[in-house]
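Enquirer: Residue numbers (the numbering used here), protein chains in the order written: chain G, 8 to 540; chain X, 8 to 540.
Every residue gets a Cβ at the ideal spot worked out from N, C-alpha and C, and that includes glycine.
Dumping the structure here so I can ask a few things about it.
2 protein chains.
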Amino acid sequence: MSKNKRGVFPRKIKGFRDINPELNQLRTKIITKAAEVYRKYGYEHWDTPSIEYADNLGKYMPDKDTIEEGVYSFRNPENEPVYSNKGEELRDNDNSVIMENHYLSMRYDLTAPLARLYSEKVWQSYMQGNLTEKNIPLFRRYQFGRVFRYEAKLDPGRFREFWQIDFDTVGTNDVSADAEACMILSDAMEAIGLKRNTYIVNVNDRKILKGFLKSIGIFKLKIEDDSKILQGEDLEQAILRIIDKVDKIDLKGVLEELGKGRTDTSGAKIQGLNLPDSIIPKINSYLSAFENIKTRAEIIEKLTAFNIKDVIFNEGLEELKKIDLLLKNIGYQDDRIMFTPTLVRGMAYYTGPVFEVNSLQTYKDHKGRKRAVGAICGGGRYDGLVKNLLGIKAPATGASIGVDRLAELLMLTNQNDDLEDGPVFIVMFDDNLMPEYQKIAAELRNAGIETEVYYGSQKQLKKQMKYADKKNCPIALLIGENEFKDGIVTVKNLKLGKDKSMQAIQDRNEWQSKIQKEIKRENLIQYISKIIK
Amino acid sequence: MSKNKRGVFPRKIKGFRDINPELNQLRTKIITKAAEVYRKYGYEHWDTPSIEYADNLGKYMPDKDTIEEGVYSFRNPENEPVYSNKGEELRDNDNSVIMENHYLSMRYDLTAPLARLYSEKVWQSYMQGNLTEKNIPLFRRYQFGRVFRYEAKLDPGRFREFWQIDFDTVGTNDVSADAEACMILSDAMEAIGLKRNTYIVNVNDRKILKGFLKSIGIFKLKIEDDSKILQGEDLEQAILRIIDKVDKIDLKGVLEELGKGRTDTSGAKIQGLNLPDSIIPKINSYLSAFENIKTRAEIIEKLTAFNIKDVIFNEGLEELKKIDLLLKNIGYQDDRIMFTPTLVRGMAYYTGPVFEVNSLQTYKDHKGRKRAVGAICGGGRYDGLVKNLLGIKAPATGASIGVDRLAELLMLTNQNDDLEDGPVFIVMFDDNLMPEYQKIAAELRNAGIETEVYYGSQKQLKKQMKYADKKNCPIALLIGENEFKDGIVTVKNLKLGKDKSMQAIQDRNEWQSKIQKEIKRENLIQYISKIIK
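Dropping the structure here:
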């Protein structure tokens, strides 16, 4: 070790961040407004732990096959029995219970914990043989909170801890619930403050993608990939993962990756999937068929015109038709919710309709380049997820708003509200007057007005006013020995001082007389109440 | 391994729990009300990550000397440089940067992360030599969220993940800030719904305890403890930890533990601290001096009458006098905030005034025994905590409300609000009518009314009504083919059906006619709005 000794200095873990009052205000607004919309559709507020047994969270990270990748996991300090699928303790040859420090994982989303919550709720009933796929109970909840992802590479604006607010319906096959999810996302965006036509809910159906890929013969192929054979659903997932990148690498990049591979902007060689030459033009013609189509009706027409005889494809098409009908009937037009037959969504667990909200707004980055914020919400139907844990199918659908991504969008496009006013600020002039300062503060608080007495060690007036300014205080109260004796308080209107109308005033005395007034102590509370409200 | 194979079944980690809508309603209320009070005193909302570098959180768990005990820690998957106290990368003899997978810890409270946040904010300024103890900036924030403790033994109602809502002022020596903390705790309790005289804010000053122990010669003692010598502040902390147990083991138990040890209710032998026989009666006379004293003024009199000539003791006494003066001046009387010279508070980092809120209410446990909920809030002055990370002193004070403990108290004493109404419930009679159900739902939502259309697979009316009842739905709408043709809707008032006034009605038809009405479709929204509001 070097001449310096190992030490400690204050810092956050890389990829984690502190949230200041301004961002908290925005985050609180997003969560509150989204929750109000979710409640309006009958969802109840549930909450689950931040960490779960790793095996209960499953293997469903986007683009990842194993839970080890991308998830913070560690061993439980507590030694516990190992169980069978039926929840029985396993025993070794000596008949003693096998003990282990189980792996725990910090949750990477709120959907996997929902599957655990639901499965646990109905577990008893299932074990007693009273639960079948026919009588699986309905459960609708919303939940918000932090999720954690260990991303090896951190792009700007991406974090390893971020917030989501989700709603889900478990126990329904009804595609009406999927249509509802789209309406909810649209309502929530507008409740949060996004203007109509600045966002779009894009909808697809995984069955359409699956059916199309089946119709062009994907499920009959065997592809050699790193001396491993890719086929069936694994090959389907591999193709979908590449199609999913279309926003990042464009159609050309997608086609190259499906074929022989490509070279990215940094010059790195990206391996291709090596699909046969006969297949790629078919995928190309599908992917490019929907450009410049502006209505759901035209998309349905186009999909119908493909005349694909695959059962799954047509199931998906029927689902989109039903969704369109319901939306049209209630008045959700193409400007809010649109069909996008190329949409994939990353998560491997989706089985039917999938949805995503994209902002149509752009912003300029620090180099002046026009940039788009990616998807701000995502969701879909996942009929198989609960089965992995429970043993029987519980069809489900739902979606998630990326709270931090949305907050970032609102800030980058200057749609966040102004920072709320801070407290009325009582300047600390004289230690002996502290009881009087406290008394005024208590009276103001009783009148419902936020008030702070300055306790800092930096007593210079200039420092105190700088502190008040930083906290966005609307008013400062100044009381020295003389004011106290005379029964008056100097009230400085800091908010008015920042007002544009005040900047035109040239005369210092006039300016001063407008923002600073001497008020009689007995009239103080009433006077301030009037300014604040 | 046995005949059963290792499996997965749905379950939470031991000591963790799911939160249902009722408890979430209560938790949300506690957090919202407390935050409103904190804001009224000028505290701003900040947030920090759930996990931190272990070395940044320090070693301040109650009753624990090491961070390993009681804290969930694990190694960062990311390999990172090792740093000196000044934040410089350390290098080995080959001049390459020394890399390590640092230990990360899940936060065990919100105070240690605050010390990190504050230190990090002023770090640059400190490194540039611009920061001294004289010009340390003032910082006041509130924060709420989950904290995690790996408690080896889990008492009923205790959890390993729970919520706190904290407020703190860093950068002030002024004991007015401590007085304010007591007022805030009292205000918050009442804002949350605790009635006056059902709770008490207990206040002490660590300086009084330290000064008293010094005056009886503790700091001159050397005590052999497990072949280790206990003396100075370590001995002081050991004595305080035992005094802190007085609520659990009574005065007798405390005195025994200070001396030769005791046998607990289970028959286990608890080792004593083996203080000399001359010391224990002095501690006894201090601890028993304050029983049945009902006012702060009398406590101050009593403490003065001890006539202890120790500087630290008298500093503490002066602080309590100043706190009393401020509180009296604003009208916080002895029924809300009381002095308790035997109060310790667990955390080792407290250096001055300490406070704790206790409920004066009891409840009956499942065996009918009268029980008290322990402390529901705690806090105090911690002038040394920031110094461990920053290198210079930043005096600080603050407190924390144990959200889950308080929620438990409100439930056990039946002071929680009724569960909020669920959504208006639209019964699913006929798949073909789904567009009509959705249309009614959309109209109700537009009128501001929460509404749910049933999507479950269990379509029997009885099952649907059971679901609606479980969700506390106030109204159910029934529309079959005939109602639809006739342009009417059957409205069932579920809330009225549960009303006591209805139970007196014997006649089934009369009862039915009151809770169930046929309403014309065109009048439906107006009719329901009237009932709901």
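Between VAL129/G and the rest of its own chain, which residues show a CB-CB distance below 6 Å, the 5 nearest in sequence each way excluded?
Expert: These residues qualify, in order along the chain: LEU138.
Enquirer: Any residues in the region 336-367 of chain G with a beta carbon nearer than 7 Å to a beta carbon of chain X? Which ones, in chain order?
Expert: ASN336, ILE337
Enquirer: Answer with yes or no whether the minimum CB distance from MET441/X to chain G is below 8 Å.
Expert: By this cut-off, MET441/X is an interface position.
Enquirer: Determine the DSSP secondary structure at PHE320/X, reduced to helix, strand or coil.
Expert: Helix, per DSSP.
Enquirer: Given ILE399/X, which residues of its chain have a CB within under 6 Å of its CB, disregarding the five upstream and five downstream residues?
Expert: GLU140
Enquirer: Give a yes or no on whether the minimum CB-CB distance between ILE225/X and chain G is below 8 Å.
Expert: no
Enquirer: Can you give me the Cβ contacts of ILE433/X inside the same chain, cut-off strictly under 8 Å, excluding the 5 residues immediately before and after it?
Expert: TYR444, ILE447, ALA448, THR458, GLU459, VAL460, TYR461, ALA483, LEU484, ILE486
Enquirer: Using only CA atoms, which one of GLY268/G, GLY375/G, VAL154/G lies nearest to THR55/G?
Expert: Ranking the options by Cα distance to THR55/G, first place goes to VAL154/G.
Enquirer: Between GLU51/X and the rest of its own chain, which residues show a CB-CB distance below 6 Å, the 5 nearest in sequence each way excluded?
Expert: ARG148
Enquirer: Identify, in the order they occur along the chain, each residue of the same chain with its Cβ nearer than 8 Å to the Cβ of SER520/G, setting aside the five sequence neighbours on each side.
Expert: Nothing listed; no residue qualifies.
Enquirer: I need the boundaries of the alpha helix (DSSP H) containing TYR133/X, first residue and last residue.
Expert: 118-134
Enquirer: Please decide whether THR458/G counts as near chain X, where near means a Cβ-Cβ distance under 8 Å.
Expert: Closer than 8 Å to some Cβ of chain X, the Cβ of THR458/G qualifies, so yes.
Enquirer: What residues from chain G crowd round SER112/X, counting only those whose CB sits closer than 9 Å?
Expert: Chain G residues near SER112/X: none, gap ~10 Å exceeds 9 Å.
Enquirer: Take the Cβ of GLN171/G as the centre, count every other Cβ of all protein chains shown within 10 Å, and call the residue buried at 16 or more, exposed below.
Expert: buried
Enquirer: Could you confirm whether any beta carbon from chain X is found closer than 8 Å to the beta carbon of GLY268/G?
Expert: no
Enquirer: Just verifying my parser: in three-state terms, what is the DSSP assignment at ILE337/G?
Expert: helix
Enquirer: Taking C-alpha atoms, which residue in ASN281/G, LEU294/G, GLU240/G, GLY266/G lies nearest to ASP251/G?
Expert: LEU294/G
Enquirer: Per the DSSP calculation, ASP175/G is bridged to which residue(s)?
Expert: ARG148/G, GLY405/G
Enquirer: Identify each residue in the region 51-66 of chain X for which the Cβ-Cβ distance to at least one residue of chain G is less than 8 Å, and report them in chain order.
Expert: When CB distances to chain G are screened at a threshold of 8 Å, the residues of the region 51-66 of chain X falling below it are GLU51, HIS52, TRP53, ASP54, THR55, PRO56, SER57, ILE58, GLU59, TYR60, ASP62, ASN63, in chain order.
Enquirer: State the Cα-Cα distance for the pair TYR110/X and SER80/X, rounded to the nearest angstrom.
Expert: 6 Å
Enquirer: Rank VAL104/G, LYS160/G, LYS214/G by C-alpha distance to the C-alpha of GLU325/G and give the top, closest one.
Expert: Measuring from the Cα of GLU325/G, the nearest candidate turns out to be LYS214/G.
Enquirer: Kindly indicate which three-state DSSP category VAL112/G falls into: helix, strand or coil?
Expert: In the sequence as presented, Val is not what sits at residue 112/G; that position holds Ser. Of the three classes helix, strand and coil, the one that applies to SER112/G here is strand, per DSSP.
Enquirer: Do we get a CB-CB distance below 8 Å when we pair THR176/X with the residues of chain G?
Expert: yes
Enquirer: Please report the straight-line C-alpha distance between ILE330/G and ASP185/G, rounded to a whole angstrom.
Expert: 7 Å
Enquirer: So is PRO430/G in contact with chain X if we call contact Cβ pairs under 8 Å?
Expert: yes
Enquirer: Since GLY260/G contacts GLY268/G with CB under 8 Å, what's their CB separation in whole angstroms?
Expert: With 8 Å as the limit, GLY260/G and GLY268/G do not qualify as a contact, their Cβ atoms being about 10 Å apart.
Enquirer: Hey, which unbroken runs of the beta strand (DSSP E) at 3 residues or more fall wholly within the region 243-305 of chain X?
Expert: 268-270, 276-278
Enquirer: Would VAL364/X and TYR125/X qualify as a contact pair, given that the criterion is a beta-carbon distance under 8 Å?
Expert: No, Cβ-Cβ distance for VAL364/X and TYR125/X is not below 8 Å.
Enquirer: For the structure I just gave you, are there three or more beta carbon pairs, one from the region 196-211 of chain X and one from the region 341-354 of chain X, closer than 8 Å?
Expert: yes
Enquirer: Give the C-beta separation of LEU417/X and LEU117/X to the nearest angstrom, bearing in mind that I take them to be a contact with Cβ-Cβ under 8 Å.
Expert: At roughly 22 Å, the Cβ-Cβ gap does not stay under 8 Å, so LEU417/X and LEU117/X are not in contact.
Enquirer: Counting only beta-carbon atoms, is GLN131/G nearer than 8 Å to chain X?
Expert: no
Enquirer: Per DSSP, what kind of secondary structure is ALA195/X in: helix, strand or coil?
Expert: helix
Enquirer: Rank LEU220/G, VAL318/G, ILE300/G, ARG114/G by C-alpha distance to the C-alpha of VAL351/G and give the top, closest one.
Expert: LEU220/G
Enquirer: For PHE166/X, which of helix, strand or coil comes out of DSSP?
Expert: Taken through DSSP and simplified to helix, strand or coil, PHE166/X comes out as coil.
Enquirer: When you compare only the Cα positions, how much space is there between GLY429/G and ASN439/G?
Expert: 26 Å
Enquirer: Answer yes or no: do GLU127/X and PRO17/G have a C-beta to C-beta separation smaller than 8 Å?
Expert: yes
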